[in-house]
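Taking it in order: structure first as structure tokens, then the write-up.
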Amino acid sequence: MAAMAPGGSGSGGGGVNPFLSDSDEDDEEVAATEERRAGLRLGAGGGLDPGSAGSLSPQDPVALGSSVRPGLPGEAAAAALGGSGETPARLSIDAIAAQLLRDQYLLTALELHTELLESGRELPRLRDYFSNPGNFERQSGTPPGMGAPGIPGAAGLGSAGGREPSTTSGGGQLNRAGSISTLDSLDFARYSDDGNRETDERVAVLEFELRKAKETIQALRANLTKAAEHEVPLQERKNYKSSPEIQEPIKPLEKRALNFLVNEFLLKNNYKLTSITFSDENDDQDFELWDDVGLNIPKPPDLLHLYRDFGNHQVTGKDLVDVASGVEEDELEALTPILGSLPPNLETSQPVENSLLVQKLEDKISLLNNEKWSLMEQIRRLESEMDFLKNEQFAIPAVCEPIQVCVDHSPHKDSEESGQSPVVNSSDRGKNNDIHLSISDEVDSTIPKENSPNSVPRREKEGMPSSSSSKNTVHFDKPNRKLSPAFHQALLSFCRMSADSRLGSEVSRIADSEKSVMLMLGRCLPHIVPNVLLAKREELIPLILCTACLHPEPKERDQLLHILFNLIKRPDDEQRQMILTGCVAFARHVGPTRVEAELLPQCWEQINHKYPERRLLVAESCGALAPYLPKEIRSSLVLSMLQQMLMEDKADLVREAVIKSLGIIMGYIDDPDKYQQGFELLLSALGDPSERVVSATHQVFLPAYAAWTTELGNLQSHLIPTLLNKIEKLLREGEHGLDEHKLHMYLSALQSLIPSLFALVLQNAPFSSKAKLHGEVPQIEVTRFPRPMSPLQDVSTIIGSREQLAVLLQLYDYQLEHEGTTGWESLLWVVNQLLPQLIEIVGKINVTSTACVHEFSRFFWRLCRTFGKIFTNTKVKPQFQEILRLSEENIDSSAGNGVLTKATVPIYATGVLTCYIQEEDRKLLVGFLEDVMTLLSLSHAPLDSLKASFVELGANPAYHELLLTVLWYGVVHTSALVRCTAARMFELLVKGVNETLVAQRVVPALITLSSDPEISVRIATIPAFGTIMETVIQRELLERVKMQLASFLEDPQYQDQHSLHTEIIKTFGRVGPNAEPRFRDEFVIPHLHKLALVNNLQIVDSKRLDIATHLFEAYSALSCC
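If you count the sequence shown from 1, position 860 lands on 857 in the numbering used here, and the numbers rise without skipping.
Shown next as structure tokens:
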């Protein structure tokens, strides 16, 4: 067990040992070194024979001494044995115990103490030592390499247990380990004769722990030796630092440290398989223990912390100049205590000393290089200021001091010399009243002073601010005193002004030219921005932009623009507008080349930023900067960026901004090869699922693209025909299910193109050359054109001005009315190709699709209002009338009936005939609806087209009177078929008409029809009465309708009217759930019950089944109330 001892001999003792007498302490100093070396050799050799410790006894002190001190030299051995050649003097057991404790053979001392305890001869020294737990705990405040007070060399023993493998790990006392126990915690049975087996097992465990500790120590020592062997020479380090392009080779110690940090990062971020593979590839390293990396190496922060902290350590990339550097004596003296604290017996002490010295010198070199770069920058700035002064032909007095910046001295000496520089006193100023600042003053004022916080630049001491723009010499009153310059300098030192920091250095320098102001702002803004509140950072935008615009260094400009785009984490709308305004001002000032090289990269970097506000800023920037970019970049890079964002971005706001920017790009692009790409982008934008994006497409992108298409001559040849073909294809493919969304998309695009088409017609008209602005310009009626969705769809904006449009409109109307369309190719295309194709498409629409009818109605209404009344009356209406052929001779014609049942009727009625609301126009609409109602009724054709017309027109209250006029025409018509149709049309009209019209016009007409000689007419009024009961709340009106329905149910003449009973049951089932509860409970349900009873007596099975079916449906609907 004595083999455990050498592990603790890792450091020299420096304290007083309480276990030794004065004479024993003298022996300690003599033999300390050899004892430690013997201990190391003993540890390496594997230890003593286990039986040797067991053979010791208090009666054989000589043997014990020889077994404990195997490595003593001649004098030490003679002293221990009492002399050579004589009978050795008997040593006391207390002295042996003190010797064991002093040499840290603690396990041997513990065994001795146990044997003495079992024999009843307890030794107080051992008892006190092993009963004190403090002797086995680490003292955190003990310096590395120093033993704890009173226990020399105790620092390393903890490694024997495998707990602390470092031999200089700063211990002092032993770690608590499983192999070390205090006397109070001893199990004496373990050490008795009966516990030999347990003792043997414990010894085996301790030997294994010792062997592992030795292997760890040897590995760490090998690492240290290898690190010392691979240490890069000092001159090579200088070369690496002076030439950054030369990559310094990685050292083994650095490699192991980086491996550990990388593995730690992989584990923290759940890259477990990668971590396992990484560990397998570095099987010579233990990734669970940092101490395996190397001796005395503190664990750095993790990789994430190092990455975040990287930006805080900026190194200015400047031209380097070799300089001589030395180490001050006091710095070498400062290294002495550190080197002196190393254990003298450590075999690798010389490499450790060299490593510490090299590290210290490297730190010093780094500081000197930083100072050198700062001084060189100041030199260049001063030289530029000198050139500026020479160019301005300012009077420069004789230089009092040579311009010499001592970059080859340490900052310490610089500060000593700067503190001794003289100042200009009052007597000097008295000799010459026209004193200018000398160049030496400029140098002194720009070099930071390092000597003391009270040092002041010379300019501040003299109170003479310099300004190169000042034409007049600055004079200061001189005191009539006889104080010495030294006294003045000492007196001014109490002002407590500081120039020894970065900020102090900036404050002490007053910019005397525009260039120096820009340089100062470029240095200060990166430090200012992070400390400004987020809500107020937009106040910095002008400052950042001016500096980025005028700064001479490209890298600084790039950094400032990066700060601008990252100024606010999530900029709101107002903040983005401020940034965009600044970017445009920047672009106007610097020109297209710098915009491409400096601003666009900032946009490209943030195209995939995680915050939508930042991507929104990028999208808006592309549009705002489009006018200031080279045309090749507009049609290539910027267009590709916007296309990517339109296809990939998930945020609606971002895609909306992309669409608006694309519209701006389309207004500046001039590459015809990009036309097809623009058309594909247009279709993608129109099909976007977001309503915001589609609205932006109609307001910005489509008008801009249409303007470019017009210039290329593709509006009538490609864009409009392509959209029409897509609509026709949809209708062909949608016989069993029309995609109404796509139909709306294409038709709304056509509707947005109407202003561009009309502008093209005006600009290519025969009279366009005559349109000159002279004399009084006619006014355009406010209602002449439909309200545009955006200014870009305003015809006056497309033409150029409202005055120019007024002149063209006057000539346009005159041409249509008097001269015709001969030679007017653009208008002839509209008349001969566009209108026929549109009317053909309208005939293919399903008339029951309310949405499609409404869309085409709005399209024709805008087309006719835009092209004017004359065009509508002379070109549009005749083509519809030719197709419809409304005359009684076509009543029996299947072709005519077929056209009247299609969507052509409602679209013509609601899209063309309602464009203008003058009296003749209204009469034409009334006449058309009356004719359609008559023809459809007499030909027994479906009424779907008429119903669609009434539904579309009934949505607008302005047409209610007109529709009631049409229906009254049907009420008084001689044909029962027409009267029956009119009765059914009232049902559609009642829901939208106000109650006054219902009471005054609808109910009287229905009561008139309810007394019609034809039973079919009376039956046709029942649905309209039911709708009134469902929608009207006037009590008197409801009572009138109730009485009329009761007459249908109770009048004996209707008892056998099967069709009437069927119609009433269906009406009750439809209106019952929405009708007044009292009406439902007191009228509807009782009468349904009566009808059911009557139906039970029905003899005809088909009629009884029909009534039962309708009763079941009615009761099912009422059961949900």
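Glycine included, C-beta positions come from ideal geometry on N, C-alpha and C.
Residue burial annotation: Asn132 is buried, with at least 16 other C-beta atoms found within 10 angstroms of its C-beta. Positions of the alpha helix (DSSP H) runs, each at least 4 residues long and wholly inside the segment 946 to 975, are given as 957 to 968 in order along the chain.
Cys600: member of the alpha helix (DSSP H) spanning 597 to 602, first to last residue.
The Cβ atoms of Leu964 and Leu986 sit closer than 9 Å to each other. In the three-state scheme derived from DSSP, where H, G and I count as helix and E and B as strand, Val1038 is classed as helix. For Ser749, the closest alpha carbon among the candidates Asn528, Ala768, Val691 is that of Val691.
Assignment of Trp826 by DSSP, reduced to helix, strand and coil, places it in the helix class. Under the three-pair Cβ rule at 8 Å, the segment 1032 to 1040 does not count as touching the segment 1051 to 1064. Here DSSP, grouped into helix, strand and coil, assigns Glu119 to coil. Secondary structure note for Cys580: its alpha helix (DSSP H) is the uninterrupted segment 570 to 587. In the three-state scheme derived from DSSP, where H, G and I count as helix and E and B as strand, Cys912 is classed as coil. Straight-line measurement puts the Cα of Ala532 at about 28 Å from the Cα of Arg585. For Ile560, the CB contacts under 8 Å within the same chain, skipping 5 residues up- and downstream, are Leu522, Pro523, Val526, Ile541 in chain order. Here Asp125 carries a helix assignment [DSSP, helix/strand/coil].
Leu808 sits away from Val792, with the two beta carbons spaced by 9 Å or more. Residue ranges of uninterrupted alpha helix (DSSP H) with 4 or more members, entirely inside the segment 776 to 839 and ordered along the chain, are 792 to 796, 799 to 811, 822 to 826. Put simply, of Glu1027, Leu123, Glu108 the residue whose alpha carbon is nearest the alpha carbon of Thr196 is Glu108. Sequence-distant partners of Gln1095 (beyond 5 residues in either direction) whose C-beta falls short of 6 Å from its own C-beta, in its chain, are Arg1101. Within the model, the alpha-carbon separation for Asp668 versus Gly675 is close to 11 Å. Ile880 and Asn870 have their C-alpha atoms some 15 Å from each other. Its Cα nearest to that of Ser513, the residue Glu374 stands out among Asn1071, Ile796, Glu374. With 16 or more neighbouring CB atoms inside 10 Å of its own CB, Gln101 falls in the buried class. Here Tyr672 carries a helix assignment [DSSP, helix/strand/coil]. The shortest C-alpha to C-alpha distance from Arg99 to any of Tyr126, Arg118, Lys1039 is the one to Tyr126.
Burial state of Ala900 is buried, judged by a 10 Å Cβ sphere holding 16 or more other Cβ atoms.
In the three-state reduction of the DSSP assignment, Gly734 falls in the coil class. The residues Glu927, in chain order, have a CB closer than 6 Å to that of Tyr966 in the same chain once the five nearest residues on each side in sequence are set aside. Inter-residue distance for Leu643 and His695 is about 16 Å (C-alpha atoms, whole angstroms). For the pair Ser637 and Gln760, the Cα-to-Cα distance works out to about 33 Å. Under the DSSP assignment, Ala654 falls in the alpha helix (DSSP H) whose first and last residues are 649 to 665. Spanning the alpha carbons of Ile842 and Pro833 requires a straight line of approximately 15 Å.
In the DSSP annotation of this structure, the continuous segment of the alpha helix (DSSP H) that includes Lys552 starts and ends at 551 to 562. Secondary structure of Lys1087 (DSSP, three-state): helix.
Restricting attention to Asp1103, Pro875, Asp91, the CA atom closest to the CA of Lys1063 is found in Asp1103.
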